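Structure, as structure tokens:
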Amino acid sequence: MYTKMISNKFCILNSKLGRFVLLSVSLLILLIVLTKSNDRHVFYLKPFYQTDFRLNHLNKYLSHHFDDMEIRPVTHGPYSPIDYIPEYDRLVALERKSTWNPFERLKFHDFNELLLQDRCNFYFRELYNLNTDWSNDYHRLKFDIYEETDFKQENLGDNQLLNDKEIIRIFNKKNDVKLALQRLRIYDRCFIQNDNLDIRGIFNDSIIPSKNIQQKKHIKRDLQERALNKRDMINKDNYKEFDIWDFEKRMFPFLKKFDEKSIKEFIPNIIYGSKTLPRGKIPILTDDTRLKAKLSDFTYDPSKSFWSNWNFMSHNIARRGISMCIGDGQLKLALKLITTLRYSGNTLPIQIIMKKGELSKGSIEKLIFAAQGNNFKFRIDKDEYKPASSYMPQEILFTDITDLLDPEFLNDFQWFKNKWLASIFNVFEENIFLDADVVPYVDLNFFFNTKEYNETGTIFFKDRSFEQINTEKCDAFLESINPLLPEGKYFDNHPYIDTEYVSSECEYLLNPTEAVYKNFFINRNQHQMEAGLYAVDMRSHIIPLIVGMTLHMLPVATCSYGDKEFFWLGFLASGHSYAFHPMNVATVGYYKQLHNTGDKIVDKVCSTQIAHMDTDYRMLWTNAGASVCKKPEDSQVDWERKGSKWPKDVCNSAKEIEDYYNSPVDPRWAMVSKGESSGWERLSDSCQGYMWCAFRQKSRKEFSYDEYTEKGHLVEYTGEEYEHIKTINFVWSYLEEGMIGKVELQE
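Taken in order, the sequence shown gives residues 9 to 755; the numbers are from this note's numbering.
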């Protein structure tokens, strides 16, 4: 009886009436979906837009609109695996229409409905099928923009010359920076933000979650049988000739090639305490084992990406820490910083990242002594000293990453570009980078607890405002680095900043991060970020740092003074969240009133320091040291310099200038700038031009008795806060290299 009822039901389904009912139900469902999707053309929804990379969550409301968006097939190329996907979706739609059975139709999935493992495998397999010579080598990358100079005869190496406009255009498109950035973003989405995916699945069909098998068959069958081979793609299996080790090398060419057998040699040389650790051993740094950390073996997991493995190693070593990148030339400044951190009671471990030959054995021994030795004193006032033994010894380790880097790329990391090594290769889950001449006045954990850091996993600080305008070429280069709509639809990678909103909105309505974007791209002001101190959650944001480094190595390096703008530009190009602290930069030091009529006051504060305050004007940190001038060796030159009043207006000889330069800054007065270039003025060419003044103008409002408008803000430090800042300035300024002994390294 029961079998008969089922049989009757199937008869109904197979009848014309049954098919009509099923079709009607399907159309009704489709109508409901379309009715609920009436804003399908809205691609930027500001309140819902931000991607939380710490939780690996993309707002589903925005994703829904991208799901509905139609991507048209390319009419040229293809240059990216994404270029094939619209054709795939078209063929799947045809396959879906070829059957009347709605349940059968459910087997056919559009590309963005596939599991992420399938989408990732497809993208990177077709990358090899498109071009077996693909690489993210920044020496080869080009910006695909129109320039007349491009169409002169160009040498491509290997005795190849191009002088045809179309050939050069094709060459530029195949080596377009945008393609390399796309590859990095999709690698990030697949194998770092979702590190449960198996990277070996790109090259090995047997490594597939069981629920993916049927979908994989559909991809291969649909694309092969539906004539995509006319585009010379899917019938190729070029990817099978390669493996994950080749893949990692192409993705990150600056890394030396490695494999499962050589991975132990790929672990950096680490000096901890006074010993060089055996290869493959890592210290486990905790407060309970300070200076006596236990060692652990690091095991590489080949199912994970290189950077997921690096993040796992960092997770084992320490949750939070400080990274620095110094050489022998910065030893004096580094000793001052480490002793200042020790005086302040810093509890975070310090890692110094270096390449072979940058930091001598003697310098390392001095730095360890400054961090942990007891046989010296801190000068905390004019006539007051405290023994170093009274203060917490610092956990410090040195990492030589030379063996990680491809020798062909080693010399690229010089001067400002060397900082990328400390930013990328630190061994902390959450990292604070410090320049050697930075002076912190708060516990460094403060920066991890800020609103900006907790919302985005970053905190960056603003720079002084200068009248230095970027060229139109810089705008053309850098405006093209954001993820494009197809990548958003298929891999959930979206621009973090909405250019149209930011360019049309009044600046006072923008948040600090949007305002920085507008100042750089719309107003074309080059100086935005001060990169002496920044904090980054490395678990979430390793790829944006690599993207920033890549951009810095390209011809757009001239669009920034040194490395600083490329930190936030790397996040922008990656579609990652990032945040700037809201306060404008300040200066702390010498105060002078220029004008006072009662109705109008004009005054200034001058110093060589760039100062950063919290919103309550609490001093957070300064750059350029804590003494009047960090270049006392220039005292004779500055004494003989013509045309500069300062410092000769306060000194009567070169020796007095030297003593004055070495003295600590008096932190009584500080001036927060108004955030415009007119609020700053260089005082003198002395001290290598580091002495700048920030201005304030305070004016009574017209027809008012006691209401004033203020551009710039004067801060006076008093009481305990003044004494705290002053004492740190004393410790920093009066620490001499000759006071520091050595801890002998053991072989």
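Glycine included, every Cβ here is placed at the ideal spot set by N, Cα and C. These figures come from a predicted structure and were not determined experimentally.
* Asked: If you follow the alpha helix (DSSP H) that residue 380 is part of, which residue opens it and which one closes it?
  -> Counting from one through the sequence shown, the residue named residue 380 turns up at place 372. Start and end: 369-380.
* Give the straight-line distance between the Cα atoms of residue 281 and residue 548, rounded to the nearest whole angstrom. => As a first step, residue 281 must be located in the sequence shown, where it is residue number 273. As a first step, residue 548 must be located in the sequence shown, where it is residue number 540. Using only the alpha carbons, I get a separation of about 30 Å.
* Asked: Which one of 382, 453 and 628 has the shortest CA to CA distance from residue 357?
  -> In the sequence shown, counting from the first residue as 1, residue 357 sits at position 349. With distances taken between Cα atoms, residue 357 lies closest to 453.
* Can you find at least 3 beta carbon pairs, one from the segment 565-573 and one from the segment 474-492, that sit closer than 8 Å? -> yes
* Asked: Using the C-alpha atoms, what's the distance from residue 691 back to residue 503?
  -> Your numbering for residue 503 matches position 495 in the sequence shown. Your numbering for residue 691 matches position 683 in the sequence shown. Approximately 41 Å between the Cα atoms of the pair.
* Asked: Is the segment 550-560 close to the segment 580-599, with three or more CB pairs under 8 Å?
  -> yes
* Asked: Can you give, in chain order, each stretch of the beta strand (DSSP E) that sits fully within the segment 668-735 and has at least 3 residues?
  -> 677-680, 688-690, 700-708, 716-719 and 721-724
* residue 636: which of 445, 603 and 517 sits nearest, CA to CA? -> The residue given as residue 636 occupies position 628 in the sequence shown. Checking every option, the nearest Cα to that of residue 636 belongs to 445.
* Does the distance from the CB of residue 332 to the CB of residue 360 come in under 7 Å? -> Within the sequence shown, numbered from 1, the residue matching residue 332 stands at position 324. Within the sequence shown, numbered from 1, the residue matching residue 360 stands at position 352. Closer than 7 Å, so yes.
* Contact the segment 429-447 vs the segment 607-616: 3+ CB pairs below 8 Å -> no
* To do: Use the C-beta contact count for residue 422: other C-beta atoms within 10 angstroms, 16 or more gives buried, fewer gives exposed.
  => In the sequence shown, counting from the first residue as 1, residue 422 sits at position 414. Flag for residue 422 reads exposed.
* **Between the CA atoms of residue 316 and residue 145 - distance to the nearest angstrom** => Within the sequence shown, the letter at position 137 stands for residue 145. Within the sequence shown, the letter at position 308 stands for residue 316. Each residue's Cα considered, the two are about 21 Å apart.
* Bounding residues of the beta strand (DSSP E) (the contiguous stretch that carries residue 331) -> Residue 331 sits at position 323 when you count from the first residue of the sequence shown. 328-332 is the span of the beta strand (DSSP E), which, as asked, contains residue 331.
* Asked: Where does residue 629 sit, in a helix, a strand or coil, going by DSSP?
  -> What you label residue 629 is simply residue 621 of the sequence shown in a count that begins at 1. Three-state DSSP puts residue 629 in a strand.
* To do: Sort 374, 368, 600 and 461 by Cα distance to residue 542 and report the nearest one.
  => To locate residue 542, count along the sequence shown from 1; it is residue 534. Selected option, being the one with the closest Cα: 461.
* Given that a residue counts as buried once 16 or more other Cβ atoms are within 10 Å of its Cβ, and exposed if not, what is residue 756? -> Residue coverage of the chain in this structure runs from 9 to 755, which leaves residue 756 outside it and unanswerable.
* To do: Flag this pair as yes or no: are the beta carbons of residue 508 and residue 501 separated by less than 7 Å?
  => Within the sequence shown, numbered from 1, the residue matching residue 508 stands at position 500. Within the sequence shown, numbered from 1, the residue matching residue 501 stands at position 493. No.
* Going by the CB atoms, is the gap between residue 262 and residue 417 shorter than 7 Å? -> To locate residue 417, count along the sequence shown from 1; it is residue 409. To locate residue 262, count along the sequence shown from 1; it is residue 254. The answer is yes: Cβ separation under 7 Å.
* To do: List the residues that DSSP assigns as beta-bridge partners of residue 603.
  => As a working note, residue 603 is residue 595 in the sequence shown. In DSSP, residue 603 forms a bridge with 610.
* Asked: For the candidate residues 409, 350 and 391, whose alpha-carbon lies nearest to that of residue 367?
  -> Residue numbering aside, residue 367 sits at position 359 when the sequence shown is read from its first letter. Nearest of 409, 350 and 391 to residue 367, Cα basis: 409.
* Supposed close pair residue 538, residue 593 - CB separation, criterion 8 Å -> Here the question's residue 538 lines up with position 530 in the sequence shown. Here the question's residue 593 lines up with position 585 in the sequence shown. The Cβ separation is near 6 Å, so the contact holds.
* **Whole-angstrom distance between residue 198 and residue 589, CA atom to CA atom** => As a working note, residue 589 is residue 581 in the sequence shown. As a working note, residue 198 is residue 190 in the sequence shown. C-alpha separation (whole angstroms): 30 Å.
* Using the Cα positions of residue 749 and residue 383, report the straight-line distance between them to the nearest angstrom. => To locate residue 749, count along the sequence shown from 1; it is residue 741. To locate residue 383, count along the sequence shown from 1; it is residue 375. Cα to Cα, residue 749 sits roughly 8 Å from residue 383.
* Asked: At a cut of 8 Å, does the segment 669-679 reach the segment 618-633 through at least three beta carbon pairs?
  -> yes
* CA-to-CA distance, residue 562 to residue 477, given in whole angstroms -> As a working mapping, residue 477 is identified with position 469 in the sequence shown. As a working mapping, residue 562 is identified with position 554 in the sequence shown. Going from the Cα of residue 477 to the Cα of residue 562 covers about 19 Å.
* **residue 378 versus 392, 405 and 363, residue with shortest Cα-Cα distance** => On the sequence shown, position 370 is the one that residue 378 refers to. Of the candidates 392, 405 and 363, the one whose C-alpha sits nearest the C-alpha of residue 378 is 405.
* For residue 8, the three-state DSSP class (helix, strand or coil) -> It is not possible to answer for residue 8, since the shown part of the chain is limited to 9 through 755.
* **residue 286 classed as buried or exposed, judged by whether at least 16 other C-beta atoms fall within 10 angstroms** => Along the sequence shown, read from residue 1 onward, the residue named residue 286 stands at position 278. Exposed, since its Cβ has fewer than 16 Cβ neighbours within 10 Å.
* Candidates 397, 339, 337 and 375, of which the one nearest residue 353 by Cα -> By 1-based counting over the sequence shown, the position of residue 353 is 345. Closest option to residue 353, Cα to Cα, is 397.
* **Minimum C-alpha distance to residue 540 - residue among 601, 443, 393 and 214** => Numbered from its first residue, the sequence shown carries residue 540 at position 532. It is 443.
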